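Input: a single structure, listed below in structure tokens.
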Amino acid sequence: MQNLSEQEILQTFNLITQYYEKYLKDYGIKPTKLKNTNGQYTKDALVLAYLARNYPNTRAVSKAQLTDFIRAFYPDVSDVQQARHLSKQGGFYIISGTRGDIGVKIPAGHYQLITLEKPYPSFKPDRRSGIESADFEELKKEYDYKCATCGSIEGEPHNIRKNEKTILQEGHMNPSLPLEIGNIIPQCQVCNRPDRDRWIYDKTGRVIEIVDSDDGKRVVEKYFKRVSTNTKEYFLEFLKKLLKLK
Ligand SMILES: [Zn+2]
Numbered sequence: 022m023q024n025l026s027e028q029e030i031l032q033t034f035n036l037i038t039q040y041y042e043k044y045l046k047d048y049g050i051k052p053t054k055l056k057n058t059n060g061q062y063t064k065d066a067l068v069l070a071y072l073a074r075n076y077p078n079t080r081a082v083s084k085a086q087l088t089d090f091i092r093a094f095y096p097d098v099s100d101v102q103q104a105r106h107l108s109k110q111g112g113f114y115i116i117s118g119t120r121g122d123i124g125v126k127i128p129a130g131h132y133q134l135i136t137l138e139k140p141y142p143s144f145k146p147d148r149r150s151g152i153e154s155a156d157f158e159e160l161k162k163e164y165d166y167k168c169a170t171c172g173s174i175e176g177e178p179h180n181i182r183k184n185e186k187t188i189l190q191e192g193h194m195n196p197s198l199p200l201e202i203g204n205i206i207p208q209c210q211v212c213n214r215p216d217r218d219r220w221i222y223d224k225t226g227r228v229i230e231i232v233d234s235d236d237g238k239r240v241v242e243k244y245f246k247r248v249s250t251n252t253k254e255y256f257l258e259f260l261k262k263l264l265k266l267k
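Set out below in structure tokens:
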């Protein structure tokens, strides 16, 4: 299968947007951005466009094809996870041959967009939709309208990016759990980078753990590459015990 031209990407993305507005929005699915702040196409938009090609006559595409396509825009990409995230968390009705979705007859390692008129069957719209704005106002008040992590004050110049105004957002304390009261802290636009699922925060906005995610794994990989042989051996033994190997 040939890669999409720039024009096909734009046309397909426009079509996705039309369907999104007409059908998917009401299910609580979050919109996908075409481009990030650097003016680059987002990986989500690229993956969606690739899967929605010739919609509604879509076909199964392999992860290798997707990765190959994304590499034209992100040369460093090794493993494209977007299709999986877009369905399970994002709500798009994309089936996976690996996951064993019910009634699916596509090969392992393949994905297919089924429809843009309905969400993924097990999608729960409250999972990432956040809290009522009144509740968030209340929460921000408890934090004196400051970012829990860096202390930047809402509406005032950001502590680090001084030419930007601070915007407080619903920060996910533990991204593996639903975005709801008890798992939300106010965070500024810098600390709450939605494209990064790395850290688990406590109520005071401090990092306490690493998320079990691809971004989290990259943090741990860096750590293991850096630490001493002693530490590596310690963890080797630790993991053996944890996995009950001998
Ligand atoms: Zn902050």
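Count along the sequence shown from 1, then add 21; that gives the number in the numbering used here. Even glycine gets a Cβ: it sits at the ideal position worked out from N, Cα and C. Here the structure is a predicted model, which is why all the values come from computation and not from measurement.
Does the beta-carbon distance from residue i to residue j come in below 8 Å?
i           : j           : result
residue 68  : residue 107 : yes
residue 79  : residue 133 : yes
residue 30  : residue 70  : yes
residue 25  : residue 74  : yes
residue 191 : residue 152 : yes
residue 235 : residue 103 : no
residue 209 : residue 154 : no
Report buried or exposed for residue i, applying the criterion of at least 16 other Cβ atoms within 10 angstroms of its Cβ.
i           : result
residue 58  : exposed
residue 60  : exposed
residue 183 : exposed
residue 62  : buried
residue 66  : buried
residue 213 : buried
residue 99  : exposed
residue 90  : buried
residue 226 : buried
Keeping to the same chain, check which residues put their C-beta closer than 7 Å to that of residue i; ignore five residues upstream and five downstream.
i           : result
residue 149 : Low local confidence applies: a pLDDT of 47 at residue 149 is under 50, so the model's placement there is unreliable, and no value is given.
residue 120 : none
residue 207 : 160, 161, 164, 168, 169, 189, 192
residue 247 : none
residue 40  : 137, 138
residue 232 : 196, 197, 218, 219, 220, 221
Can you list, in chain order, the residues of its chain with a C-beta nearer than 6 Å to that of residue i? Leave out the 5 residues immediately preceding and following it.
i           : result
residue 127 : 81, 118, 133
residue 203 : none
residue 264 : none
residue 112 : 50, 140, 141, 144
residue 129 : 118, 119
By DSSP, does residue i sit in helix, in strand, or in coil?
i           : result
residue 50  : coil
residue 256 : helix
residue 133 : strand
residue 222 : strand
residue 148 : Note on residue 148: pLDDT 45, under 50, position unreliable in the model; the coordinate value appears next. Of the three classes helix, strand and coil, the one that applies to residue 148 here is helix, per DSSP.
residue 112 : coil
residue 183 : coil
residue 153 : coil
residue 210 : coil
residue 188 : coil
residue 163 : helix
residue 68  : helix
residue 36  : helix
residue 76  : coil
Nearest-residue set for ligand 1, Cβ under 6 Å from any heavy atom: 168, 170, 171, 173, 208, 209, 211, 212
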